[in-house]
Amino acid sequence: MVPWLAFGHTMPFFELSKALAQKGITATIDIPLEKVHYLKKAYDGLRAPFEDLVAKVPPVVDFATYWATSIASKYGFSIIGRLRRTELLYPKGVAFPSTVAFRRHEAQAYIQHALTNLHNESGISDMCRIQSVLEGCRAVALRTCKEFNGDYIDLLEKLYGKSIFHLGFLPPSQTEREGNGNNWIDENKWSTTFEWLDAQPLRSVVFVGFGRSKG
């Protein structure tokens with residue numbers, strides 16, 4: 009699997025990320041938004057080694073890996089595009105109750121960004137990346153579940169004319185052993201926080217989160 013290097017896109021690789029971090033791998037969280045296109049240019053440098061890999065292993069790719077579809081086609085592989093739920097909600101044509109909608113200024117800003125992003129250091133806009141992946145893949149894998157977004161999943165299958173695989177949500181990690189074996193890391197170390205929350209009156213606690221990927 010080849011994800012884009014942003015938090016919401018790498019969540020399916022959480023355990024892999026922890027293993028890499030223990031080896032000293034650094035993240036790109038300090039790159040400001042206006043310089044992300046340089047990261048995309050560096051990311052596109054994966055095309056040649058990716059082609060070497062895909063000659064042996066069928067790929068599952070993210071939106072940024074637009075060049076993966078032509079490589080997969082070259083070797084006769086089917087490809088699955090993996091997109092986040094928030095990238096795939098379309099209010100137009102929705103035949104069921106929904107509050108999903110852009111405000112006018114939000115829609116204008118979104119389109120303006122898509123148009124002005126046509127000329128960046130990587131030479132490929134985000135819109136073109138997404139479109140290339142969607143056109144070239146045979147199915148889309150979505151990090152959600154039928155019970156939570158069933159109506160939207162059905163809508164997307166009609167819009168894209170492709171199968172939608174709903175992957176569900178990430179389960180809690182298993183307890184790990186660290187160091188000399190006597191020190192246990194409890195992945196449920198937040199249990200005391202949850203117990204405190206459970207003891208509070210209904211609607212008495214406000215959660216404040218920063219960033220786009222807080223789920």
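Residue numbers (our numbering): 9 to 223. Idealized CB from N, CA, C, for every residue including glycine. Bear in mind the structure is a predicted one, so any value in this text is a computation, not a measurement.
Would you call residue i buried or exposed, if buried means 16 or more other Cβ atoms sit within 10 Å of its Cβ?
i: E184; result: For E184, the predicted model reports a pLDDT of 46, less than 50, meaning its position is unreliable; a value from the coordinates is still stated below. Per the 10 Å Cβ criterion, exposed.
i: G32; result: exposed
i: F58; result: buried
i: S106; result: exposed
i: I161; result: buried
i: V108; result: exposed
i: D206; result: exposed
i: D134; result: buried
i: I138; result: buried
Helix, strand or coil: how does DSSP classify residue i here?
i: S133; result: coil
i: S199; result: helix
i: A50; result: helix
i: P105; result: coil
i: K31; result: coil
i: F215; result: coil
i: A207; result: coil
i: G158; result: helix
i: P57; result: helix
i: G144; result: helix
i: I119; result: helix
Below 7 Å CB to CB, which residues in the same chain sit around residue i once its five sequence neighbours on both sides are set aside?
i: I39; result: L47
i: Y168; result: L142, V148
i: K43; result: none
i: V213; result: L205
i: F110; result: Y118
Closer than 8 Å by C-beta to residue i: which residues in its own chain qualify, once you throw out the five before and the five after it? Chain order, please.
i: K154; result: I161, H174
i: H45; result: N125, N128, E129, S130
Sorted by chain position, which residues of the same chain lie with C-beta nearer than 6 Å to residue i's C-beta, five sequence neighbours on each side aside?
i: D159; result: F104
i: R55; result: W75
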